[in-house]
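Only one structure is covered here, and it is reproduced in the block below.
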Amino acid sequence: MAAMHQYQLVDSDQTVYRDGTIKLHGPEGFDAMRKAGRLAAEILDACVDLVRPGVTTGQLDDAIRGMMLDAGAVPATLGYRGYAHSSCISINHVICHGIPGDKVLKDGDILNIDVTPLVDGWHGDTSRMFYAGEPSLKAKKLVEVTYECLMLGIAAAQPGARLGDIGAAIEAHANQFRYGVVREFCGHGVGRLFHDAPEVVHAAKAGTGPELKPGMFFTIEPMINLGKPWAKVLGDGWTAVTRDKSLSAQFEHSIAITETGNEIFTKSPTGRDCPPY
Ligand code: MF3
Ligand code: CO
Ligand code: CO
Numbered sequence: 147m148a149a150m151h152q153y154q155l156v157d158s159d160q161t162v163y164r165d166g167t168i169k170l171h172g173p174e175g176f177d178a179m180r181k182a183g184r185l186a187a188e189i190l191d192a193c194v195d196l197v198r199p200g201v202t203t204g205q206l207d208d209a210i211r212g213m214m215l216d217a218g219a220v221p222a223t224l225g226y227r228g229y230a231h232s233s234c235i236s237i238n239h240v241i242c243h244g245i246p247g248d249k250v251l252k253d254g255d256i257l258n259i260d261v262t263p264l265v266d267g268w269h270g271d272t273s274r275m276f277y278a279g280e281p282s283l284k285a286k287k288l289v290e291v292t293y294e295c296l297m298l299g300i301a302a303a304q305p306g307a308r309l310g311d312i313g314a315a316i317e318a319h320a321n322q323f324r325y326g327v328v329r330e331f332c333g334h335g336v337g338r339l340f341h342d343a344p345e346v347v348h349a350a351k352a353g354t355g356p357e358l359k360p361g362m363f364f365t366i367e368p369m370i371n372l373g374k375p376w377a378k379v380l381g382d383g384w385t386a387v388t389r390d391k392s393l394s395a396q397f398e399h400s401i402a403i404t405e406t407g408n409e410i411f412t413k414s415p416t417g418r419d420c421p422p423y
């Protein structure tokens, strides 16, 4: 039997639940997400000037929390399922959910900073890669191709297309470089809920999954490994690393499906979506 996918038209003031339905938002939801997405992007823009060898991930997290609070927003990750920080900072072979702390950035590190300010109850979820000093050529290539994977996934996110078309586009591009696409973590519906249906897998079969409809809000956040795709979570319960210790990169945007294509809520207002910045 074909899988059923339920859609739900929601107003911006309506209480929403994680009930498995795919929410379809109206103009007020778009406005709210533009605001949350813009702040998230501005915070990552500011990180460009903060990331350098010698800085700790805890210092970056403190700066990020300060920027959110100054803007009247709240870090959505703070207290989320017991997470106690305002960002995730994932260095080198860390795939995602790296916990900020005393770790000092060193020359040649590649790192992902993932931020989600909660603005008037809406989540702007985005992440980018950054370079501390000068990484190796193979590290920079991985980062550039991972950004291309995100943008190819977004290009496939069209009204009338299927959710699986996104993962198919991402995987096809990563395969050309023999990179591994992480399966354990996915993109997700986003809005007034941080993590909602649908699950946006980054390796999928074209033509499968729910139809993409105008008003859907979700993230695309491919995690691409230089080596095998396999991940494991460390004993802290959060930090996900590559099993083969190979480098990993990730970029994330929060987007909407529109009548004519899509809208990226978290684009950098200064064009700094991908290094070199
Ligand atoms: N921002 C992450 C995402 O892209 C989620 C982080 S949840 C946390 O979905 F608790 F680890 F912060
Ligand atoms: Co996300
Ligand atoms: Co995120």
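Last residue of the sequence shown? That's 423 in the working numbering, and every number before it is there in order.
Cβ atoms here follow ideal geometry from the backbone N, Cα and C, with glycine treated the same way.
Here residue 391 has 239 as same chain residues with Cβ atoms under 6 Å from its own Cβ, once five neighbours each way along the sequence are excluded.
Excluding its 5 nearest sequence neighbours in each direction, residue 344 has C-beta neighbours in its own chain below 7 Å: 168, 309, 335, 356, 364, listed in chain order. Rounded to whole angstroms, the Cβ separation of residue 403 and residue 358 is 5 Å, and the two are in contact under 8 Å. Of the residues 199, 198, 200, 188, the one whose Cα lies closest to the Cα of residue 210 is 188.
Taking the Cα positions, residue 347 is about 15 Å away from residue 292.
Going by DSSP, residue 342 is part of no alpha helix (DSSP H) but of the beta strand (DSSP E) stretching over 342 to 346. Excluding its 5 nearest sequence neighbours in each direction, residue 361 has C-beta neighbours in its own chain below 6 Å: 170, 171, listed in chain order. By the criterion of a C-beta distance shorter than 7 Å, residue 423 is surrounded in its chain by 194, once the five residues flanking it on both sides are discounted.
If you ignore the 5 residues before and after residue 166, its C-beta comes within less than 8 Å of the C-beta of 152, 343, all in its own chain and listed in chain order. Sequence-distant Cβ neighbours of residue 256 in its own chain, meaning closer than 7 Å and more than five residues away, are 238, 275, 277, 281, 285, 289, 393, 395. Residue 223 is a Cβ neighbour of residue 232, given a cutoff of 8 Å. Counting only runs that start and end inside the segment 290 to 353, the alpha helix (DSSP H) elements of at least 4 residues fall at 309 to 322. In the DSSP assignment, the residues bridged to residue 371 are 326, 394. With contacts defined as CB atoms closer than 8 Å, residue 197 and residue 264 fail to qualify as a contacting pair.
By the CB criterion at 8 Å, residue 419 and residue 352 fall outside the cutoff. 8 Å or more divides the Cβ of residue 376 from the Cβ of residue 243. In this chain, the alpha helix (DSSP H) harbouring residue 214 covers 203 to 216.
Comparing alpha carbon positions, the residue from 350, 338, 380 closest to residue 162 is 338.
The Cβ-Cβ distance between residue 407 and residue 304 falls below 8 Å.
Residue 275 is bridged by DSSP to 258.
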